[in-house]
Amino acid sequence: MRIITLEEHIALPEFANEIQQWPLPPQAVEKLADINDVRLKSMDDNGIDMQVLSVVGRGAESLPPRKALQFAMRYNDILAARIAAHPTRFKAFAHLPMSSPTAAANELERAKEEHHFCGALINGLTNGKFLDLPGFRPLLQKAEQLQMPLYLHPGLPPEAVAEAYYNDLPGSMGVMLACGGWGWHAETALHVLRLIITGTLDRYPGLKIIIGHMGEMIPMMMSRLDEKFQVSGTGYHRREVSQTLRDQVHITTSGIFTLPPLMAALGTFGINNVMFSVDYPFSTNEAGKQLLESIPLSPEDVAKIAGGNAASLLGL
2 MRIITLEEHI ALPEFANEIQ QWPLPPQAVE KLADINDVRL KSMDDNGIDM QVLSVVGRGA
62 ESLPPRKALQ FAMRYNDILA ARIAAHPTRF KAFAHLPMSS PTAAANELER AKEEHHFCGA
122 LINGLTNGKF LDLPGFRPLL QKAEQLQMPL YLHPGLPPEA VAEAYYNDLP GSMGVMLACG
182 GWGWHAETAL HVLRLIITGT LDRYPGLKII IGHMGEMIPM MMSRLDEKFQ VSGTGYHRRE
242 VSQTLRDQVH ITTSGIFTLP PLMAALGTFG INNVMFSVDY PFSTNEAGKQ LLESIPLSPE
302 DVAKIAGGNA ASLLGL
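Taking our numbering, I'd label the letters of the sequence shown as residues 2 to 317.
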């Protein structure tokens, strides 16, 4: 059984002074910078054949358009050079200059043609804007044309949202509730649902979206979403929300390692839309391995989740 993980992060230290990076503990910074040593050993110890690497935290999207393109191109070039030493162990999602969607589209194409990257990862909103807005159409069109999935990863909440929802909480509770404790997942789910109910995914029916964390709470809401956003002659979307999700959205297990949410994801998205991931180094490969070994399905279905679905979607 081939095991592939898709939400596995890096942050190359040579770029740290050019952007305002998320605050991270020193141990995480060290592991994010490592591609060869501790990372490979952990993969070997836990039977992980391949990681698809992606840039975590603030990056090119926080820079002005001209600087953003230069930053993203350098990042992708250096990342490609680093993983070239281990071609069977690492692939990568492109880092994009999201402040200029046309430049992002061109960089996505370059990353595929020159480096054989297998998609792109987008960290949260871009200057407070969601991808359903018309300005992002060049990128969505190019991703569909290239058959390059877009992984929608959480990002820090916009300042106005943080102020209204989180900043009056004591100590570090506001930050945790805004990020991994809840807010990240709700915002990513909202991002996907906006793409659906605005008809954006109908406009690009070949576009594939990936989200993590067992579907960012969408599985438990799927039937209610169909009820509240019914397809009608006056609506913007042409398919039921649940149908669009199953047609175009794939989810990973990143960071969540218990069976109840996995079974809910399988029961709503279906076996072919669920892919194994860890969220390394913020979660451990050991926890991911324990989940994989506990799934009460046939070996054939477990193999699909472990790596077969990812290999098919990303052409690995």
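Note that CB positions come from ideal geometry on N, CA and C, so glycine has one too.
Note that the structure is predicted; figures quoted are calculated from it, not measured.
Nearest to Gly136 by C-alpha distance, out of Gln28, Ile36, Ile198 and Ala104, is Ala104. Contact check for Val193 and Val250: beta-carbon distance about 6 Å, within the 8 Å limit, so the pair qualifies. Straight through space, the alpha carbons of Gly175 and Asp169 are spaced by roughly 7 Å.
Counting along the chain, the unbroken beta strand (DSSP E) around Asn124 starts and ends at Ala121 to Asn124. Secondary-structure assignment with DSSP links Ala93 through a beta bridge to Leu54. Sequence-distant Cβ neighbours of Cys119 in its own chain, meaning closer than 6 Å and more than five residues away, are Lys92 and Leu315. Leaving aside the five residues that flank Ala73 on each side, the residues in its chain whose CB is nearer than 7 Å to its CB run, in chain order, Ala61, His96, Leu97, Pro98 and Glu108. In this structure, the CA atom of Thr201 is about 33 Å from the CA atom of Ser284. The C-beta distance from Arg83 to Ile36 rounds to 5 Å, short enough to fall under 8 Å. Distance from the CA of Ile306 to the CA of Met276, rounded to the nearest whole angstrom, comes to 5 Å.
If you draw a 10 Å sphere on the C-beta of Arg67, you find fewer than 16 other C-beta atoms in it, and that means exposed.
With a cut-off of 8 Å on Cβ pairs, the region 39 to 50 is not in contact with the region 142 to 151, counting fewer than three such pairs. Secondary structure in the region 143 to 212: the alpha helix (DSSP H) runs of 4 residues or longer, each lying completely within the stretch, are 160 to 166, 174 to 179, 184 to 198 and 201 to 204 in chain order.
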